[in-house]
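Visitor:
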Amino acid sequence: MAEADGALTKISRLKSPWILHYDCSSCNGCDIEILACLTPYYDIERFGILNKGNPKHADVLMVTGSVNHRNKVVLKNLYDQIPDPKVVIVVGACGSTGGVFHNCYNVLGGVDKVIPVDVYVPGCPPKPEAIIDGVVKALEKLKALQDGTWKREKEKEKEKTEKDEAKEETEEAKKEEE
Amino acid sequence: MDFWPAFIGFIFLLLAPFIGMLVIGLDRKITARMQNRIGPPVLQPLYDVIKLFGKEDKIVNRGQVVFAYAFFVMVVLATSLFCLRSDLLVIFFLLNAGAIFMVMGAYSTRSAFSTIGANRELLQMLAYEPIFLLVIFSIGYAVKSFTIDAIYEPLILKLPLALVAMVIVLMIKMQKSPFDISTAHTEIISGTMVEYSGTYLGLLKLTHWYELFLILGTMALFVIIPGNFVLSIIAMLVLIAVVYGIVMLIDNITTRLTWDALLKVALPLGIGLITANLIYVWYIGGA
């Protein structure tokens, strides 16, 4: 999908990642650190990163906190509303594995239980530098996705099924010939 | 029409979106410097729009797409008429037809944010349209014609206060604080644009570049020096730099007004300035 785009589009994607920040029952520690990235001290806007409050405008989904049964629907919904190509970054220990809430009766665990995650930024809370590094890692992944050097599991499966179908078709055609 | 004015107009029409983009890019850079940040590169708006054009299409309904295209076509038509030095009234009506299409696009979805944004956009139009129209009327009164071609002297000598009124129009139209009620980022996310994504959001951004060019161009008419092309261009650039610098400064030091405060501030101020200016024109007998 992303491989067919022009070189200019590919460069522009890496230069303007707009972030949607969603808080899945986080304690706000990670959220404060994410917002700290916007301050003059770290100034992530110099990389073209903007914090958009709208999934339809976003490219990067940044999730904090452990997922529970209440907000898993919201998280899935937000993920589906972001137009492709998109990457998901999980910030903090709770989002990565469930953290101290792991095995709680209401907690599902990490964000990856609900949506596919590209980058994990561990820490409780992680430093703003680590979060910026996470975004850079996510962009590297997006670049690999664009160049076709790396594929998501979903797309791999899709390709596999397509190949299998093609194989079956050719086999059927052979049988008919025989 | 002669060849050279038409040719220059054509060049300006091609340059229009890039001029709008550069102004917005410089705006973001200088705003960042005012806030003691480094800020994005000047070409950042271009990257944003190219990226948006490369994204997946996710539309809410078909009407939304039609209204986005209608908005674009109307504003580009207005810009091309402006570049061909045509009638200011027609340009004004086309520009506002475009704005109405954007409002209709925002109303066509069922999102509450989009509807509130559309309501506020209409209120903004209520605030800036009378001022803009009266500015054009006062140009017509001073020049005795509504065509741009007929301007025979720098208008700023006769209509200095109308130029100040145009600054209010620029601020409302370009969603600058304290008049940014319809795309209020922290309240209603991005108002009228909330339900647009991908290509169509890019199209709206592109249209905004044209709009910015058009409004700045209308202001640049005030310092046009007929018969001297190079001096005119220099005067226009200086005027735009000064005016936009003031707008950025106000944008950074003020907070957003509520919608009724917007009407109470913008309308009396704008109409008062133009009235005072028309009295002055009548007094010096220049009309």
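Protein chains in written order, with this note's numbering: chain U, 1 to 178; chain R, 1 to 287.
Glycine included, every Cβ here is placed at the ideal spot set by N, Cα and C.
Starting from the C-beta of residue 98 of chain R, find all residues in its chain whose C-beta is less than 6 Å away, skip the five residues before and the five after it, and write them out in chain order.
Guide: Around residue 98 of chain R: 71, 74, 75.
Visitor: Taking 8 Å as the cut-off, does the region 96-113 of chain U touch the region 125-145 of chain U (at least 3 CB pairs, one atom from each stretch)?
Guide: The region 125-145 of chain U, when compared against the region 96-113 of chain U, does not touch it at the 8 Å Cβ threshold.
Visitor: Under 8 Å Cβ-Cβ, which residues of chain R neighbour residue 40 of chain U?
Guide: The contacting residues are 35, 36, 37.
Visitor: For the beta strand (DSSP E) that residue 245 of chain R lies in, which residues bound it at each end?
Guide: Premise fails: residue 245 of chain R lies in the alpha helix (DSSP H), 229-253, not in any beta strand (DSSP E).
Visitor: Please name the residue in U:25, U:63, U:127, U:130 whose C-alpha comes closest to that of residue 112 of chain U.
Guide: Measuring from the Cα of residue 112 of chain U, the nearest candidate turns out to be U:63.
Visitor: Against chain U, does residue 197 of chain R count as a neighbour if the rule is that its beta carbon must be under 8 Å from one of theirs?
Guide: It does; some Cβ of chain U falls within 8 Å.
Visitor: For residue 77 of chain U and chain R, any beta-carbon pair shorter than 8 Å?
Guide: No - not a single Cβ of chain R is within 8 Å of the one on residue 77 of chain U.
Visitor: Which residues, taken in chain order from the region 49-83 of chain U, show a beta carbon closer than 7 Å to some beta carbon of chain R?
Guide: Against chain R - using a Cβ distance shorter than 7 Å - the residues of the region 49-83 of chain U are 53, 54, 56, 57, 83.
Visitor: Could you name each continuous beta strand (DSSP E) segment of 3 residues or more that falls completely within the region 82-110 of chain U, going from the start of the chain to the end?
Guide: Correct list: 87-91, 107-109.
Visitor: Per the DSSP calculation, residue 50 of chain U is bridged to which residue(s)?
Guide: In DSSP, residue 50 of chain U forms a bridge with U:18.
Visitor: So with CB distances below 9 Å, who are the chain U contacts of residue 54 of chain R?
Guide: Going along chain U in sequence order, the residues near residue 54 of chain R (Cβ under 9 Å) are 2, 5, 6, 8, 9, 10, 12, 13, 85.
Visitor: Pull up the distance between the alpha-carbon of residue 190 of chain R and that of residue 113 of chain R, whole angstroms please.
Guide: Near 8 Å, if we compare the C-alpha coordinates of residue 113 of chain R and residue 190 of chain R.
Visitor: Tell me the DSSP bridge mates of residue 147 of chain R?
Guide: Residue 147 of chain R is bridged to R:87.
Visitor: Just the C-alpha distance for residue 201 of chain R and residue 176 of chain U, rounded to the nearest angstrom, thanks.
Guide: Between residue 201 of chain R and residue 176 of chain U, the C-alpha separation is close to 51 Å.
Visitor: Locate the alpha helix (DSSP H) running through residue 210 of chain R, then write down its first and last residues.
Guide: Residue 210 of chain R -> alpha helix (DSSP H) spans 198-220.
Visitor: Just the Cα atoms here: how many angstroms apart are residue 162 of chain U and residue 19 of chain U?
Guide: Residue 162 of chain U and residue 19 of chain U: Cα-Cα distance of roughly 33 Å.
Visitor: Roughly how many whole angstroms lie between the Cα atoms of residue 260 of chain R and residue 123 of chain U?
Guide: Their Cα atoms are separated by approximately 46 Å.
Visitor: With 8 Å as the threshold, decide whether the Cβ of residue 106 of chain R is near any Cβ in chain U.
Guide: No, residue 106 of chain R does not count as interfacial toward chain U.
Visitor: Which residue from U:147, U:49, U:24 puts its Cα closest to that of residue 44 of chain R?
Guide: Of the candidates U:147, U:49, U:24, the one whose C-alpha sits nearest the C-alpha of residue 44 of chain R is U:49.
Visitor: Looking at the secondary structure, which residues open and close the alpha helix (DSSP H) in which residue 47 of chain R lies?
Guide: Note, residue 47 of chain R: alpha helix (DSSP H), 44-53.
Visitor: Given a limit of 7 Å on CB to CB distance, which residues of the region 39-52 of chain R reach chain U?
Guide: The region 39-52 of chain R vs chain U, Cβ under 7 Å: 39, 40, 44, 47, 48, 50, 51.
Visitor: Would you please verify whether the beta carbon of residue 181 of chain R is less than 8 Å from any beta carbon of chain U?
Guide: No, residue 181 of chain R does not count as interfacial toward chain U.
Visitor: Contact between the region 234-248 of chain R and the region 127-140 of chain R: three or more CB pairs below 8 Å?
Guide: Not touching, per the Cβ criterion.
Visitor: With a threshold of 8 Å between beta carbons, is residue 45 of chain U in contact with chain R?
Guide: Residue 45 of chain U counts as touching chain R.
Visitor: Does the pairing of the region 114-128 of chain U with the region 70-86 of chain U give three or more beta-carbon distances under 8 Å?
Guide: Contact between the region 114-128 of chain U and the region 70-86 of chain U is present, because at least three Cβ pairs lie under 8 Å.
Visitor: Using a Cβ-Cβ distance cut-off of 8 Å, determine whether residue 59 of chain R contacts chain U.
Guide: Output row for residue 59 of chain R: interface = no.
Visitor: Of all the alpha helix (DSSP H) runs that stay within the bounds of the region 27-72 of chain U, which reach a length of 4 or more residues?
Guide: Runs found: 29-36.
Visitor: Counting contacts by CB-CB distance shorter than 8 Å, is residue 295 of chain R in contact with chain U?
Guide: The question about residue 295 of chain R has no answer, for chain R in this structure spans 1 to 287.
Visitor: Near residue 67 of chain R, which residues of its chain fall below 6 Å by C-beta distance, leaving aside the five closest residues on each side in sequence?
Guide: Result list for residue 67 of chain R: 101, 104, 105, in chain order.
Visitor: Residue 209 of chain R: buried (16+ other C-beta within 10 angstroms of its C-beta) or exposed?
Guide: With 16 or more other Cβ atoms within 10 Å, it is buried.
Visitor: Three Cβ pairs or more, each shorter than 8 Å: is that satisfied between the region 78-94 of chain R and the region 109-127 of chain R?
Guide: Contact fails: fewer than three Cβ-Cβ distances are below 8 Å.
Visitor: For the structure I just gave you, are there three or more beta carbon pairs, one from the region 150-166 of chain R and one from the region 203-223 of chain R, closer than 8 Å?
Guide: Enough Cβ pairs lie closer than 8 Å, so yes.
Visitor: Under the rule that 16 or more other beta-carbon atoms within 10 Å means buried, what is residue 234 of chain R, buried or exposed?
Guide: It is exposed - the Cβ of residue 234 of chain R has fewer than 16 other Cβ atoms within 10 Å.
Visitor: Can you look up residue 194 of chain R in the DSSP assignment and give me helix, strand or coil?
Guide: If DSSP states are grouped into helix, strand and coil, residue 194 of chain R belongs with coil.
Visitor: What span of residues does the alpha helix (DSSP H) with residue 265 of chain R cover, start to end?
Guide: Looking at the DSSP string, the run of the alpha helix (DSSP H) that includes residue 265 of chain R is 259-284.
Visitor: Let me confirm a value: residue 284 of chain R is counted as buried when at least 16 other C-beta atoms fall within 10 Å, else exposed. Which label applies?
Guide: Result: exposed.
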